[in-house]
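Enquirer: Residue numbers (the numbering used here), protein chains in the order written: chain A, 1 to 321; chain B, 1001 to 1313; chain C, 2001 to 2497.
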Amino acid sequence: MQREVARATPPGGGAVRRRLSGRVLLPALALLVMVAVIFYLQPRAMSYTGMRLVLRYSLPLMFAAMAQLCIIAASDIDLGLGAYIGLVNSLSALLLAERPVLGVVSLVACVLAYAAMGAFIEARRLPSIVVTLGASFVWLGLALLVLPTPGGSSPAWLTTLVGLRPPYVPLPIVAGVLLAVVGHWLFMRSSYGVVLRGIGSTPQAVQRAGWSLLTARSVLYGLAGVFGLLAGLVLTGVNTTGDANFGAPYTLLSIAAVIVGGGEFFGGVVAPVGAVIGAFIMLLTGSLLSFMNVSTDWQLSVQGAILILVLGTRALQRRRA
Amino acid sequence: MTRRWLDANPWIWSLLGAVLVWGLTVASVEGRGGIETLSTALGFATFYVIVGIGQMLVISAGPGNIDLSIPSVMMLAGYLAMGVMHAEDSGLALGVLVALGVGLGAGIANVVLIRGLKIPPMIATLAAGFVMQSMTIAYSRGSTAKPAPLLLQFSLARVAEIPVIAILFLLVAGGVAFALARSTFGRSVLAIGQNARAAYLAGVPIRRTMAAVYIISSLLASVAGLLLAAYSGGASLNMAEDFLLMSIAVVVLGGTSIAGGQATVTGVWTASLFLYLIVTMLNVLGVSAGLRYVITGLIIIGVLAVSKGRKTA
Amino acid sequence: MSETTGSLVVLSGIAKQFGAVRALAGVDLTIHPGEVLAVVGHNGAGKSTLMQVLIGTIAPDAGRIAVGGRDESGGYDVRRAHALGIRCVFQELSLCPNLRVFENVRILHHRLMGLGWPRRARRLVREALDEIFPDHGIDADAAVGDLPIGQRQMVEIARAFTVTDQPVRLVILDEPTSSLGARAAEQLMQFTRRAAARGISCIFISHRLKEVLEHTDRVVVMRDGQAVSHDRAADLTEAQLVERMGVMALAAPAVAASARAGAADRAVRVDIRPIAGGEIRLLAHAGEVVGLAGLDGHGQRGTLLLAFASAGSHAAEAKVLGSVAYVSGDRPREGVFPLWSIGRNLTIGLLRRLAHGGFLSPAEERAVAEDWRQRFKIRTPDVGNPILSLSGGNQQKVLIARAFAGGADILLLDDPMRGVDIGTKQELFEQIRREADAGTCFLLYTTETQELQNCDRVYVFYRGAITEEIARAELTEDRVLRASFGQTGEAERADAA
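(1) For the region 1199-1210 of chain B, which residues have a CB atom closer than 8 Å to at least one CB atom of chain C, in sequence order?
(2) Whose Cβ in chain B lies nearer than 7 Å to the Cβ of V226/A?
(3) Give me the Cα-Cα distance between S2258/C and M1056/B, rounded to the nearest whole angstrom.
(4) Name the DSSP beta bridge partners of H2356/C, please?
(5) For G268/A, return the contacting residues in chain C, with the cut-off set at a CB-CB distance below 9 Å.
(6) Chain B beta carbons: is any one of them nearer than 9 Å to that of D243/A?
(7) Does chain A have any CB closer than 9 Å to the CB of L1291/B?
(8) Given that a residue counts as buried once 16 or more other Cβ atoms are within 10 Å of its Cβ, and exposed if not, what is F1178/B?
(9) To be precise: take each residue of the region 1102-1124 of chain B, compare its Cβ to all Cβ atoms of chain A, and keep it if any distance is under 8 Å. Which residues remain?
(10) CB L61/A to CB S254/A, shorter than 9 Å?
(11) Step through the CB atoms of chain A and report whether any lies within less than 9 Å of the CB of M1135/B.
(12) Establish whether the CB of L1190/B and some CB of chain C are separated by less than 9 Å.
(13) Per DSSP, which residues does I2014/C bridge with? Please list them.
(14) Per the DSSP calculation, I173/A is bridged to which residue(s)?
(15) Measuring straight from C-alpha to C-alpha, what distance separates A67/A and L220/A?
(16) In chain order, which alpha helix (DSSP H) runs of at least 4 residues are fully inside the region 2080-2151 of chain C?
(17) Should D2071/C be labelled buried (16 or more other beta-carbon atoms within 10 Å of its own) or exposed?
(18) Going by the DSSP bridge assignment, what does A2227/C pair with across the sheet?
(19) Do F2442/C and G2294/C come within 9 Å of each other at the CB atom, strictly closer than that value?
(20) For S1232/B, which three-state DSSP category applies?
(21) S1090/B and L300/A: beta carbons closer than 9 Å?
(22) Starting from C70/A, follow the alpha helix (DSSP H) in both directions and report where the run begins and ends.
(23) Does any residue of chain C have a CB that is nearer than 9 Å to the CB of R208/A?
(24) Quick one: what's got a C-beta closer than 7 Å to E2435/C's C-beta in the same chain, skipping five residues either side?
(25) Got a sec? Which residues, its chain only, sit under 6 Å from L2250/C by beta carbon, not counting five neighbours each side?
(26) Per DSSP, which residues does D2456/C bridge with? Please list them.
(27) Name the chain B residues whose beta carbon is nearer than 7 Å to that of D297/A?
(28) To which residues does DSSP link D2165/C through a beta bridge?
(29) Is R1141/B helix, strand or coil when you go by DSSP?
(30) Output the boundary residues of the alpha helix (DSSP H) element that contains V2480/C.
(31) If you draw a straight line from the alpha carbon of L2173/C to that of Q2166/C, how long is it in whole angstroms?
(32) Given L2354/C, which residues of its chain have a CB within under 7 Å of its CB, disregarding the five upstream and five downstream residues?
(33) Is it buried or exposed, L1097/B, if we count other Cβ atoms within 10 angstroms and call 16 or more buried?
(34) At 9 Å on the CB atoms, spell out the chain F contacts of G1261/B, in chain order.
(35) When you compare only the Cα positions, how much space is there between N293/A and V1131/B?
(36) Starting from the beta carbon of I2107/C, find every residue of chain A whose beta carbon is closer than 8 Å, and list them in chain order.
Laid out in structure tokens, this is it:
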């Protein structure tokens, strides 16, 4: 009888949280549609080389999206991610080829700085939106100090890595799948990942159970720092040069990718697989437009429209549930 | 006692900061040009204030509420208005109307996305911003964007060394502060910001209030875009570059709570002055662009840590 | 000293001060293994604070804590408490809604990791749920946020009894039955007996005195930060308990059935079909106090919210003729504006009436707030003080005053007395009575059957529909209980058909 009662009554506390697989379904579908349209418009894109070209910039974006996911998992937001990626790009372009030891040390310092930022936010209970905003100035400023004008070069090993040609499937897709698997395991399967997601919804509960919020947040931000580092390195590899402003678009794009992929701003609800899919979606809008012979002036419009479409549909589904 | 006063008037920190920085600037040039510095600061800070007030209202409506479309509204309004004006006074009235129209339209679009389609405000305004930015980029190709002479004069005019636009928006700020404290609209916003569910159950008109908040923000952004384009002698694609981050910075640094439900208009002014004066001082001291950014960022974080850090959750 | 040998936990001289407020003024408490202990007292008597000291989330200013004969006073914290087998189920749920049930179990057990931990966690929680709440019907893979509040509470309780590397010796349950349905509450009480037989002690903090006397071994009364008495439950009566808590003896509910007879002739204010349909409609007239009863989560709240949303509507399914105001018992989520003063929390309910052309006059506002402060005897020197400076019961007074001040025709009360002490409850019901006499219509949803004695008529809900309408004169706890399970004369006939 209890069982029937449970099903008959509405869930407590408000909105229904659909199972994670349902969250990812919608963006996966959107991506498939986009890919289908692209292939229809430009069959040559279906070739290995074609896909490689189209997906060139998906590598930095997918890592950026995973970095942002770490922050959003804590119900925070990172407005400085783009600037940080620009800093990593500048440092790696300037130092890694000529002075690798100094380069590695500086990059490690970057990651540690990110973890420290997380600790700072937790310890002083500050709003992440403003701290990361202030940090964005710091990262950009440091990048400008490192590279006042664009320059530097990508070390050979990095260029090679980014230019890898795995059989049958181009690198971006392989990397995407790997990243999705790693991210999924980290957040949804590992025993500490559960704790990390917990602090995004009910930190007091997690603390009462004896976990350190300081450690947890530092770990999340540190992870974000690592993924951001990978994004910056890959960007250096792809562009083969450094520029303090290269990272700028990644802030907003990474947020869009995570949310389109099924994440929510509050409540620790994140989908790592979805974030990777979201990154691909955001990236392909540019290609979609150029194949439709529409001026890329409108690329932003299409990205905006896709965001609205996916999220509007999600909201409608929620209402019907 | 002092602690309570400090908590109730959080703008004091950015005011102290502004005074300190102004003092340092003046001292470093041996006491000359203090008034001029202040006057210019008031003029430039006004633009941050205009969008800051709108952003402040949105943020105080509750956690998750933010307007990321502000720079795009500014640009679109600025470009379209200039385009209509054709650098002639006869086009002034139409230009202003067009700018306000952009603001109204953007605000309504945001409301539809947020309240109608239930898209989270950050993404809704982000998406709307993308679309408007796109429109601006397309429009900007082959448009002459020069302001009507009257508008240009107005944006640069001064009364007793104080820019007219600063005076205007000091008054506007005063009005907004009064409305927040004493009008039903202001109370409604702050109630929704503290506890939206309780506000609904207490009979506060949620839909109307939230719509108004986003429309006001977009309208103010369009006015800022119009005046900034005039002030700068024309619209440009990077004119609103740092306004996204700045609109948030001046709100929070000024003492408005990012969690919503508590706002200070005075703080928007003091924080705008503070931030602008920092940049001025660093320029005067001949600091490189990179170092300027680093110092600005560290100061933002520093002021935040001091003014907010001690409160327990 | 012989009293404390073989004891599980001994607290001596525990004191705690929060600023000017002395929450605990030297408490001595001994807990024996395998006993079911109840701690009762007024709101503000220090019960929750004492439990927080026991579980290690608050460090006392003075006093000693001894567990299993060993002095643990230095460096006693949550991890130490857990290691010693002390668990707590708080009033404010401690589950993460975005995580699944078995993942929430992981949060509690630090050693539950490595390969295959999900399987172990699932097994742990299923076993615990099956043992405590047979027929619970909860899916271990469900996200906690998707579960109704009763099931969430069950999960949290079950979780407290799960064991991995450390045994459970003492479980503190802070108002556990307030969110559970009657059946689950009964199951819990029976389980604690079995657990006690196995040597696990339980502490209940509860306002439900009858429940406490029926199901516990010993009752400790707290008052003003001290433990003033402890007796065997078998030796106590409810009246004695209430007396020890320092409250006047409960006056009999002052409802003369005859005085209310004319109510049905008055204007109809509410005519609603409950959310899941059904034959019986909810009817309420001006001047009536209508109760909504039944197991928690069977549509009462939904019906109240429907009434709220239908204010002024003449629709066939939901007629609500008059203005409405809503009062919730869930203060932090649905009632209080935490940054505001008492006065502002009050006047938000009548903004439009107070304002002149959209603007408010501070002097008028203050006067209105002051007026209501006096009427409700809200214990504060100044309505300009922050609302959070008030005790829970007084905060609830403000919320109810807010609804009254708005002058609405219909007041919807959603379990408004939850966690409110008896003295305050009495005052509030008197106010409701007075207001009803003046013509206001009340719909009162309550999870405590005793409170229904204040109602003229009671509708019992089951699975979203009304199963029975009971007039005051025919109201018995037994009848309400049976209707709560759908066992009415009608329902039984329908089943047989």
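For every residue, glycine included, the Cβ atom is placed at its ideal position computed from N, Cα and C.
Expert: Quick look at the numbers:
(1) A1199, L1201, A1202, G1203 and V1204
(2) Numbered from 1 along the first sequence, position 226 holds the residue referred to as residue 226/A. Result: empty, since nearest Cβ-Cβ is about 22 Å, beyond 7 Å.
(3) Residue 2258/C sits at position 258 when you count from the first residue of the third sequence. Residue 1056/B sits at position 56 when you count from the first residue of the second sequence. Reliability fails at S2258/C, whose pLDDT of 40 lies under 50, so the model's placement of it is uncertain and the value that follows must be treated cautiously. Cα-Cα distance, rounded: 58 Å.
(4) Against the third sequence, residue 2356/C aligns to sequence position 356. Answer by DSSP bridge pairing, in chain order: F2359/C.
(5) Against the first sequence, residue 268/A aligns to sequence position 268. In chain order: C2096, P2097, N2098 and L2099.
(6) The residue you call residue 243/A lines up with position 243 of the first sequence. By the rule that beta-carbons nearer than 9 Å mark a contact, D243/A does not touch chain B.
(7) Mapped onto the second sequence, residue 1291/B falls at position 291. Taking Cβ atoms only, chain A reaches closer than 9 Å to L1291/B, which makes this a yes.
(8) Walking along the second sequence from the start, residue 1178/B turns up at place 178. It is exposed - the Cβ of F1178/B has fewer than 16 other Cβ atoms within 10 Å.
(9) Cβ contacts with chain A: L1113, L1117, K1118, I1119, P1120, M1122, I1123 and A1124.
(10) Taking the first sequence and counting its residues from 1, the one referred to as residue 61/A is at position 61. Taking the first sequence and counting its residues from 1, the one referred to as residue 254/A is at position 254. Yes, they are a contact pair.
(11) Reading the second sequence from its first residue, position 135 is the one you call residue 1135/B. Cβ-Cβ to chain A under 9 Å: yes for M1135/B.
(12) For the purposes of this step, residue 1190/B is identified with residue 190 of the second sequence, where counting begins at 1. Judged by the 9 Å Cβ criterion, L1190/B is in contact with chain C.
(13) On the third sequence, position 14 is the one that residue 2014/C refers to. Answer is V2027/C.
(14) Position 173 of the first sequence, counting from 1, holds the residue named residue 173/A. According to DSSP, I173/A bridges with nothing at all.
(15) Position 67 of the first sequence holds residue 67/A. Position 220 of the first sequence holds residue 220/A. Roughly 9 Å between the two C-alpha positions.
(16) Within the region 2080-2151 of chain C, the complete alpha helix (DSSP H) runs of at least 4 residues are 2101-2108 and 2117-2132.
(17) Residue 2071/C sits at position 71 when you count from the first residue of the third sequence. Exposed, since its Cβ has fewer than 16 Cβ neighbours within 10 Å.
(18) Taking the first residue of the third sequence as 1, we reach residue 2227/C at position 227. Answer is M2222/C.
(19) Within the third sequence, residue 2294/C is the residue found at index 294, counting from 1. Within the third sequence, residue 2442/C is the residue found at index 442, counting from 1. No, the pair does not count as a contact, with Cβ atoms beyond the cut-off.
(20) Numbered from 1 along the second sequence, position 232 holds the residue referred to as residue 1232/B. Coil.
(21) The residue you call residue 1090/B lines up with position 90 of the second sequence. The residue you call residue 300/A lines up with position 300 of the first sequence. In this structure, L300/A does not lie closer than 9 Å to S1090/B by Cβ.
(22) Locating residue 70/A in the first sequence gives position 70, where the first residue counts as 1. Note, C70/A: alpha helix (DSSP H), S58 to A73.
(23) The residue you call residue 208/A lines up with position 208 of the first sequence. Yes, R208/A counts as interfacial toward chain C.
(24) For the purposes of this step, residue 2435/C is taken as residue 435 along the third sequence, with counting starting at 1. Contacts found: F2404.
(25) Residue 2250/C sits at position 250 when you count from the first residue of the third sequence. No answer about L2250/C holds up, because its pLDDT of 40 lies below 50 and its placement is not dependable.
(26) Stepping through the third sequence from its first residue, residue 2456/C is reached at position 456. According to DSSP, D2456/C bridges with nothing at all.
(27) Taking the first residue of the first sequence as 1, we reach residue 297/A at position 297. Result: S1134, I1137 and A1138.
(28) Mapped onto the third sequence, residue 2165/C falls at position 165. Answer is none; D2165/C lacks a bridge partner.
(29) Sequence index remark: in the second sequence, residue 1141/B carries index 141 (1-based). If DSSP states are grouped into helix, strand and coil, R1141/B belongs with coil.
(30) The residue you call residue 2480/C lines up with position 480 of the third sequence. Taken as a continuous stretch (DSSP letters only), the alpha helix (DSSP H) holding V2480/C covers E2477 to S2484.
(31) Within the third sequence, the letter at position 173 stands for residue 2173/C. Within the third sequence, the letter at position 166 stands for residue 2166/C. Cα to Cα, the separation comes out at about 19 Å.
(32) The count along the third sequence starts at 1 and reaches residue 2354/C at position 354. Around L2354/C: T2347, L2360, E2364, E2365 and V2368.
(33) For this step, residue 1097/B is matched to residue 97 along the second sequence. Burial call: exposed.
(34) Given the protein chain composition of this structure (A, B and C), no chain F is represented.
(35) The residue given as residue 293/A occupies position 293 in the first sequence. The residue given as residue 1131/B occupies position 131 in the second sequence. The alpha-carbon separation between N293/A and V1131/B amounts to approximately 18 Å.
(36) Looking up residue 2107/C in the third sequence gives position 107. By Cβ distance, chain A contributes V194, V195, G198, A205, V206, A209 and W211.
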